[in-house]
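Just so we're aligned, residue 3 is where the sequence shown starts under this note's numbering, counting upward by one. Idealized CB from N, CA, C, for every residue including glycine. Here is the structure we will look at, set down as structure tokens.
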Amino acid sequence: MLDSSIEILEEGQKSISSERKSLLDSIAKRLLTDSNLNALNFICTHNSRRSQFAQIWAFVLSNHYQIRGLGYYSGGTMLTACHPNVLKALESFGIDSEQKTQGENPHYLIQNEAKEANLEIFSKTYDHPSNLSSNFVAIMTCDHADENCPFIPGASARFSLHYQDPKRFDGTKSELVEYQKTALQIGTELHYLIKTLSIGKK
3 MLDSSIEILE EGQKSISSER KSLLDSIAKR LLTDSNLNAL NFICTHNSRR
53 SQFAQIWAFV LSNHYQIRGL GYYSGGTMLT ACHPNVLKAL ESFGIDSEQK
103 TQGENPHYLI QNEAKEANLE IFSKTYDHPS NLSSNFVAIM TCDHADENCP
153 FIPGASARFS LHYQDPKRFD GTKSELVEYQ KTALQIGTEL HYLIKTLSIG
203 KK
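Written out as structure tokens, the structure reads:
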């Protein structure tokens, strides 16, 4: 299931605009030319949807293309919870999760393809102790966080890679479908970035 989904992401690269490809190329170039950089931190306001999609796709795709030495994190300007629709949408692409804790901000585990590594997912602020405090690239996945958080302490570089919030479809009949569309868009662009990194590191 995941392999066929990655093939869909590969095919979808044709639909990425030249402007977005240029931005993704700039991110890849910065990572490939600065040996001190070893992580990406995807940041949005609530760390509940877009930044979680991006972190999970980056983790899954980096394992698929066997990229080593890069960490993938996410955070928000405030703490909420990872929205269940994020995990439901990703499940349709073959990415399974396991809930580890209960409560208002549950923790989930995402396994790589070989089931040799886990990614722990939960909502947190971008400066949470589980995130790196230096030598990372901040990727701003929403315009609100980008505008209202002009300085990210410890970030060596910062890029604006905004996505529309699927939250606007919550409570509608098309809710899950719209989350899947967002997952596909973010996954397609992260596939382009990760594959570019994998080629550049050879």
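Check your understanding: Under 8 Å between the Cβ atoms of G78 and H48?
Key -> Residue mapping note: residue 78 aligns to position 76 of the sequence shown, counting from 1. Residue mapping note: residue 48 aligns to position 46 of the sequence shown, counting from 1. For G78 and H48, yes; Cβs fall inside 8 Å.
**Prompt:** In chain order, what residues of the same chain have a beta carbon less than 8 Å from the beta carbon of A157, not counting five sequence neighbours either side?
**Reply:** Along the sequence shown, one-based indexing puts residue 157 at 155. The answer, listed in chain order, is N43, F138, V139, A140.
Worksheet item: Excluding five sequence neighbours on each side, which residues of the same chain lie with their C-beta closer than 7 Å to the C-beta of K169?
Response: Position 167 of the sequence shown, counting from 1, holds the residue named residue 169. Once the five neighbours on either side are set aside, the close Cβ partners of K169 are R51.
| query | Got a sec? Which residues, its chain only, sit under 7 Å from F54 by beta carbon, not counting five neighbours each side? | reply | Position 52 of the sequence shown, counted from the start, is the residue given in the question as residue 54. A small fix is needed here, since residue 54 is Gln in this sequence, not Phe. Once the five neighbours on either side are set aside, the close Cβ partners of Q54 are S76, C84, V88, I123.
Between K203, E177, I69, Q113, which has its C-alpha nearest K102's C-alpha? The residue you call residue 102 lines up with position 100 of the sequence shown. Taking only the C-alpha atoms, the option nearest K102 is Q113.
**Prompt:** Hey, I29 and F161: beta-carbon distance below 8 Å or not?
**Reply:** Locating residue 29 in the sequence shown gives position 27, where the first residue counts as 1. Locating residue 161 in the sequence shown gives position 159, where the first residue counts as 1. Contact flag set, yes.
Taking only runs of the beta strand (DSSP E) that begin and end inside the region 111-197, which ones reach a length of at least 3 residues, in chain order? 120-123, 138-142, 157-162
Quick check: what's the CA-CA separation for L34 versus A159? On the sequence shown, residue 34 is found 32 positions in, with the first residue counted as 1. On the sequence shown, residue 159 is found 157 positions in, with the first residue counted as 1. For L34 and A159, the distance between alpha carbons rounds to 13 Å.
- Item | Distance CB(Q15)-CB(T198) smaller than 8 Å | If you number the sequence shown from 1, residue 15 lands on position 13. If you number the sequence shown from 1, residue 198 lands on position 196. Not a contact, by the Cβ cut-off of 8 Å.
So, helix, strand or coil for A83, using DSSP? Along the sequence shown, one-based indexing puts residue 83 at 81. Reduced to three states, the DSSP call for A83 is coil.
Margin query: So, at 6 Å on beta carbons, what are the nonlocal neighbours of N107 in its own chain, with the 5 sequence-adjacent residues on each side left out?
Written below: Indexing the sequence shown from 1 puts residue 107 at position 105. The answer, listed in chain order, is A83, F124, S125.
Got a sec, what are the start and stop residues for the beta strand (DSSP E) Q101 sits in?
Your numbering for residue 101 matches position 99 in the sequence shown. Unbroken beta strand (DSSP E) run through Q101: 99-101.
Can you name, in chain order, every residue of its own chain whose Cβ lies under 7 Å from the Cβ of S132, other than the five neighbours on each side? Here residue 132 is taken as the residue at index 130 of the sequence shown, counted from 1. Within the same chain, S132 has close Cβ partners K126.
Next item on the list: In the DSSP assignment, find the unbroken alpha helix (DSSP H) run with G71 in it and report its ends.
Entry: Here the question's residue 71 lines up with position 69 in the sequence shown. No alpha helix (DSSP H) holds G71; DSSP gives it neither H nor E.
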